[in-house]
Amino acid sequence: MTISHYTLSQQHVHIWMIDLTISRDTSGDVLSREEMVRAERFIDLQSKRHYMTCRSALRNVLSYYMDLAPESILFTYNANGKPYIAPSQNTHQLQFNVSHHEEACCIAITASQEIGVDIESMSGPSLEDAMEMFISQSEKETLPIVTGERSTSLIHLWTQKEALLKARGTGLQSDPKQIHGYVTHSFPLINRPLEGYKLNSFTMGTSILSLCTEHNIHYDIKPYESLEKQKNVK
1 MTISHYTLSQ QHVHIWMIDL TISRDTSGDV LSREEMVRAE RFIDLQSKRH
51 YMTCRSALRN VLSYYMDLAP ESILFTYNAN GKPYIAPSQN THQLQFNVSH
101 HEEACCIAIT ASQEIGVDIE SMSGPSLEDA MEMFISQSEK ETLPIVTGER
151 STSLIHLWTQ KEALLKARGT GLQSDPKQIH GYVTHSFPLI NRPLEGYKLN
201 SFTMGTSILS LCTEHNIHYD IKPYESLEKQ KNVK
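Residue numbers (the UniProt record's numbering): 1 to 234.
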């Protein structure tokens, strides 16, 4: 049994950052049987390692807020696959969301409100060819012409919409073109209104992170490595 070291209110979000370039033990000691089965379905070894690292980190992080061992945490899922802590265990009304790209994973945790997060790399593939799938005509008309600013604005728009759709719990079952985001390459955006939610966006190194919640929040960024040192987790 572990001791809960953190408490959260509706006004706070903790964002745990995991560096996926660091080599870690991916034996899956804390993962469920279902998670291990899913891990084995990955053909690409790096994708498998990233999945196991992120799921293990999620369990280890959540255990820091709950009086439960990481491996005993149970999850439920809505009709579109959004994960939640099983109600029977969620005495603190925690809500979480996870996102990752090739080099980083983020786990956003709050209490008593829906939350969605998306993180994307600014050095990743261009979204220029895919923008017709997720931006509206009015957004397209206001995109910057300068290449670097245009690329950053596109990635930023995508993270906003992805975070909102994840907060809603619909994912891409909803049309992202129906969301009118902020066309800007400037950061941060703090508690901006977005389709009935609150948007926070900022950069971390070469990444853009967008976070959507139901209420205005303050967020704290926490390195996962600090938790690893305290708990000696895998």
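Just so you know, even glycine gets a beta-carbon here, dropped at the ideal spot from N, CA and C.
Practice task
Go ahead and label S153 buried or exposed: buried means 16 or more other beta carbons lie within 10 angstroms of its beta carbon, across all protein chains shown.
Solution key: Here S153 is buried. Its C-beta has 16 or more other C-beta atoms within 10 Å.
Exercise for the section: Give the DSSP bridge partners of T76, in chain order. Expected result: For T76, which the question treats as bridged, DSSP gives the partners Y84.
Problem - At least three beta-carbon pairs within less than 8 Å, the segment 35–54 to the segment 124–143 - result: Fewer than three Cβ pairs drawn from the segment 35–54 and the segment 124–143 lie within less than 8 Å of each other, which leaves the two stretches out of contact.
Problem - Cβ-Cβ distance between I217 and T91 below 8 Å - result: Not a contact, by the Cβ cut-off of 8 Å.
Problem - C-alpha distance - M1 paired with P193, whole-angstrom precision - result: At M1 the pLDDT is 37, less than 50, meaning the model places this residue with poor confidence and gives no usable figure here.
Exercise for the section: Taking Q113 and E214 to be in contact with their CB atoms under 8 Å, please state how far apart those CB atoms are, rounded to whole angstroms. Expected result: Q113 to E214, Cβ: 4 Å. Contact.
Handout entry: Beta bridge counterpart(s) of F202 as assigned by DSSP
Key = Answer is L209, bridged to F202.
Handout entry: I115 and Q89 closer than 8 Å at C-beta
Key = Using a Cβ distance threshold of 8 Å, I115 and Q89 do not count as a contacting pair.
Practice task
With DSSP collapsed to three states, give me the class of S99.
Solution key: Strand.
Handout entry: Proximity winner among T21, V98, F42, A130, relative to R59 (alpha-carbon distances)
Key = The residue from T21, V98, F42, A130 with its alpha-carbon nearest to that of R59 is V98.
Practice task
Tell me whether Y65 sits in a helix, a strand or coil according to DSSP, three-state version.
Solution key: Y65 falls in the coil class under three-state DSSP.
Exercise for the section: Taking the CB atoms as reference points, tell me whether L45 and E102 lie closer together than 8 Å. Expected result: No, Cβ-Cβ distance for L45 and E102 is not below 8 Å.
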